[in-house]
Amino acid sequence: MLVQQENEKTKCFARAIKRFEHKELFIKLDDDALVDIDYAIGLIKKYQGYHKPMYISDHERTKPRNFPDSLNGVMYGNGKFYMFNRKLAQCLKTDIKYRDSPNEDSVFGGMVTHGCGEDNVEYVQEDDRWIWHKEYTSKNKNIDLAFIKNH
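Numbering (the working numbering), first residue to last: 456 to 606.
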């Protein structure tokens, strides 16, 4: 039940961002993730005004045995961090139909693939040196970013 709620939340998020017509770039970050502000600003400067739909994350492809329907083989990003532009937001297929999905990230990937067309999207690999998930360690500091331990 929780997975289905997260999937619906993702579809609702995608519909909502389409309304922010004057915003060019969007960042989605898990609540247990932290991104270096200079890294984020560098991405904003680099991809501002980008000419085609652009999607930054830690991308992978769904495996056919786990996704028997419209999410089979789609490229999706690890949910800890996404950055994408208005052009991608505009072409998302928010009414995507699917049978089962183990996570909301594959649903977002399906909305990208079926709405924008995989060949039309610039998939950019994030640099994980600047994104911390669940734990932040630097300069002899170790911070647990997960408020809920099983999250």
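Ideal Cβ positions, reconstructed from N, Cα and C, are used throughout, including at glycine.
Fair warning: this is a prediction, and the values are worked out from it, not measured in the lab.
Inter-residue spacing [alpha-carbon to alpha-carbon] between V562 and K507: 21 Å
Length-filtered (4 minimum) alpha helix (DSSP H) runs lying within the region 497–567: Every unbroken stretch of the alpha helix (DSSP H) spanning 4 or more residues and falling wholly within the region 497–567 is given here in chain order: 541–546.
Buried versus exposed call for G565 [16 or more other C-beta atoms within 10 Å across all chains shown]: buried
Identify whether F481 lies in helix, strand or coil by the three-state DSSP scheme. strand
Secondary structure of E577, DSSP reduced to three states: In the structure shown, E577 falls within a strand segment according to DSSP collapsed to helix, strand and coil.
What span of residues does the beta strand (DSSP E) with W587 cover, start to end? 586–588
Going by CA-CA distance only, name the one from G528, F475, T549, H588 that's closest to R541. F475
Does the Cβ-Cβ distance between I511 and Y531 come in under 8 Å? No, the pair does not count as a contact, with Cβ atoms beyond the cut-off.
Tell me which same chain residues have a C-beta within less than 7 Å of the C-beta of E573, skipping the five on either side of it? M530
Would you mind working out which of G528, G570, S525, D493 sits nearest A469, comparing C-alpha positions? Of the candidates G528, G570, S525, D493, the one whose C-alpha sits nearest the C-alpha of A469 is G570.
Just to confirm, is the Cβ distance from A488 to K548 under 8 Å? no
DSSP beta-bridge partners of A488: H588
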